[in-house]
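Worksheet: the structure to be examined is printed underneath.
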Amino acid sequence: MILTQRITDGVAAGDVTVAYRRWKRPRVKPGSTFRGDDTDPLWRVTLSWAGSDPRQTLAEDAALSPSDISDIDTLLDRLDARTPWARTTLSRIARQPGITAAKLAATLPTDKDSHKRRIRILKEHGLTRSLPTGYELSVRGHAYLSATNPGRPPSSARRYAP
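For the sequence shown, the working numbering gives the first residue as 9, with consecutive numbering after it.
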């Protein structure tokens, strides 16, 4: 269910607690839009603020312990097991902040939509951030690459405001 920023701010402040949607059946999915008509049942959806997105908090954490680095290494090893893409993708995003999934996918044996799903996995682990167009490394992603590639020149500074 998509909410406008104004409504989202109201939910966070506790001023908005209910939304009404007209659907044939309940089908709340993040990022979805719905079409319907006035014969569809009206659904009452209770809203409450659950807190900030934990991925955002994770992405802004640059203090990586040896255990964190090991966990990320294990994740990337697993993701790269069949077809190496995760480390390549992180390196490309570090070198080219704002690069799109289509440009990333063009150099790998995958299509744009499949690669977008793959990048979401990196985002779930706090390594990348989505931009209006393209991706950049998060603070955590930069910290990981710096910790695992000490001889690597620093990646490009952020070009986009958070």
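Even for Gly, the Cβ is constructed at its ideal location relative to N, Cα and C.
- 8 Å or more divides the Cβ of residue 21 from the Cβ of residue 72.
- Under the DSSP assignment, residue 136 falls in the beta strand (DSSP E) whose first and last residues are 136-138.
- Here residue 51 is near residue 29, since their CB atoms are less than 8 Å apart.
- For the options 11, 152, 112, the alpha carbon positioned closest to that of residue 83 is the one of 152.
- In this structure, the alpha-carbon of residue 139 lies about 27 Å from that of residue 55.
- Residue range 50-54 is occupied by the beta strand (DSSP E) that includes residue 52.
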